[in-house]
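Colleague: Counting from 1, position 64 in the sequence shown corresponds to residue 425 in the working numbering; the numbering is continuous, with no gaps.
Note that CB positions come from ideal geometry on N, CA and C, so glycine has one too.
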Amino acid sequence: MVRQIVKDPFFLQQKSEPATEADKQVIVDLVDTLQANIDRCVGMAANMIGVKKQIIVVAAGPFIIPMVNPVISKKSGKYETEESCLSLEGVRPCTRYKEIEVEYLDQNFQPKHGKYTDFTAQIIQHEIQHFSGELI
């Protein structure tokens, strides 16, 4: 189901909880909502659709990758950039890393390990930052 995008900074600044298998519908809703906004959005965190769970979806080319409880285990190549967010107005400065490794569960709650670089790595870092309640 396509969900409304949350723009309330108070809600977005609250920390997200680890997801469980009871949250599988949130993954489906996130994928549907990202697909509905793909012309202006490349990733989403669950809090952007009103759910404070550690779930993100990332558009990587023609694929949408769901990540449940993702944790960045390695990072290198620190750089400064600016980003925007569908939930916020304007662009903001931030620090990112060119290469990252991520431990996560897929949509079937199976453990995965991924290595990501460049723009895909930047998207993942942005979305994971949503979990802490820290706005870019």
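Where Pro423 and Ile461 are concerned, what is the direct C-alpha to C-alpha distance, given to the nearest angstrom?
Modeller: Answer to the nearest angstrom: the Cα atoms are 21 Å apart.
Colleague: Does Lys413 come out as helix, strand or coil in the three-state DSSP assignment?
Modeller: In this structure, Lys413 counts as coil in the three-state DSSP scheme.
Colleague: Where in the region 430 to 481 do unbroken runs of the beta strand (DSSP E), each at least 3 residues long, occur, reported from the N-terminal end onward?
Modeller: As far as the region 430 to 481 is concerned, its whole beta strand (DSSP E) runs of at least 3 residues are 452 to 466, 472 to 478.
Colleague: Rounded to a whole number of angstroms, what is the C-alpha to C-alpha distance between Glu443 and Val452?
Modeller: Rounded to whole angstroms, Glu443 to Val452 spans 6 Å at the Cα level.
Colleague: So what's Val418 in DSSP terms, helix, strand or just coil?
Modeller: Val418: strand per DSSP, three-state reduction.
Colleague: Use the C-beta contact count for Gly438: other C-beta atoms within 10 angstroms, 16 or more gives buried, fewer gives exposed.
Modeller: It counts as exposed.
Colleague: Assign Ala327 to one of three DSSP states: helix, strand, or coil.
Modeller: In the structure as shown, the chain starts at 362 and stops at 497, and residue 327 therefore has no counterpart that could be examined.
Colleague: Please classify Pro380: is it buried, with 16 or more other beta-carbons within 10 angstroms of its beta-carbon, or exposed?
Modeller: This sequence places Ala at residue 380; Pro is not what is there. Label assigned to Ala380: buried.
Colleague: Tell me whether Phe492 is buried or exposed, calling it buried when 16 or more other Cβ atoms sit within 10 Å of its Cβ.
Modeller: With 16 or more Cβ atoms within 10 Å of its Cβ, Phe492 is classed as buried.
Colleague: Taking the beta strand (DSSP E) that Ala406 belongs to, which residues open and close that run?
Modeller: From DSSP, the beta strand (DSSP E) with Ala406 extends over 404 to 406.
Colleague: Please identify the residue among Asp400, His474, Arg364 whose C-alpha is closest to the C-alpha of Ile388.
Modeller: Here the closest residue by C-alpha is Arg364.
Colleague: I'd like the list of long-range same chain contacts for Gly494, defined as Cβ closer than 6 Å, with 5 residues on each side in sequence excluded.
Modeller: The residues are Gln374, Gln375, Lys376.
Colleague: Please check the pair Val392 and Ile417, which I expect to be a contact at CB under 8 Å, by giving their CB distance rounded to whole angstroms.
Modeller: Rounded, the Cβ-Cβ distance is 11 Å, inconsistent with contact.
Colleague: Which word fits Asp384, buried or exposed, when buried means at least 16 other C-beta atoms lie within 10 angstroms of its C-beta?
Modeller: By the 10 Å Cβ count, Asp384 comes out buried.
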